[in-house]
Amino acid sequence: MSLPRMPRRGLLPVLLLAAAVPGRLPAQAPPARGSDLWFDPTQLPSFTGTVERYLSNPRGEVDALMFREGPQVCFPPDVAAAVRQVAAPGRSIIVWGIRARNAPVITMLAFAPGAEVTPVVVDRFYWRLSGRQASEGAEPLSLEGVVRQPYYTPQGEVAGAILEDGSVVLLPAGTAEPFRDLLRPGQKLAAAGPGRAGDAGRALLATQIGAEPGAMRPVPPGEPPR
């Protein structure tokens, strides 16, 4: 799947660029209904892919998916049920949104199962991963496996790893850099910390991390949530 590079200045040039590129959107795409946004998100670039799996966060919420073609798509947890109803794993979906400049991650602003269907609009930007903070009552979890790909923030920063079985290891904000070698595809990874296990898989906020369970080292608490 070809992913367009994003312009360097603001949202307005993105809208103008998307509108100017022929064939990027379905002909006469219907306007999105029921949104308070001041612009039409379907004028943004569109990305079509097959859902490989949905991803949970340490709160037990689903707030991302992986395309079989590779990119990650993030969205607010409150639209997760609607997205999953539209596209179960193995089904294709069209996503309109913003791609990070330097990483294959897309912030969803609208979605539809096909070009003939009126898109559903996401009414808020999901810029910050609030789910990175474990909720009260989180369970102590341990995960071990092989890294499928890094886990990205909406801005394209490495924030953890997705294991081959779909489990998510997140690191506290600002702490990933010293552990980057452990977050590379194909790397063995073990982690422990508070998290949740649900129907979309397991996810934890790492307090310890390493290549093997017997070789884990502490992870600093990181930056306070903003």
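Those letters in the sequence shown? Residues -29 to -1, 1 to 197, by mature numbering (1 follows the signal peptide of the UniProt record, and there is no 0).
C-beta: ideal position from N, C-alpha, C; glycine also.
Check, Outcome
"E135 versus Y97, G157 and L175, residue with shortest Cα-Cα distance", "G157"
"Cβ pair P125, L176 closer than 8 Å", "no"
"Nonlocal neighbours in the same chain, by C-beta distance under 8 Å from P84, ignoring five residues either side", "V57, A58, R62, S63, I64 and I65"
"E183 to W9 span [Cα, whole Å]", "50 Å"
"A52 in three-state terms, based on DSSP", "helix"
"Cutoff 7 Å; reference V93; Cβ partners in own chain excluding five residues on either side", "F46, P47, V50, M79, L80 and A81"
"Inter-residue spacing [alpha-carbon to alpha-carbon] between E40 and R24", "11 Å"
"Y123 versus I133 - alpha carbon distance", "10 Å"
"A61 - DSSP class collapsed to helix/strand/coil", "Residue 61 is actually Gly in this sequence, not Ala. It is coil, neither helix nor strand."
"Residues near G164 in its chain [Cβ-Cβ closer than 6 Å; skip 5 each side]", "L175, L176, A177 and T178"
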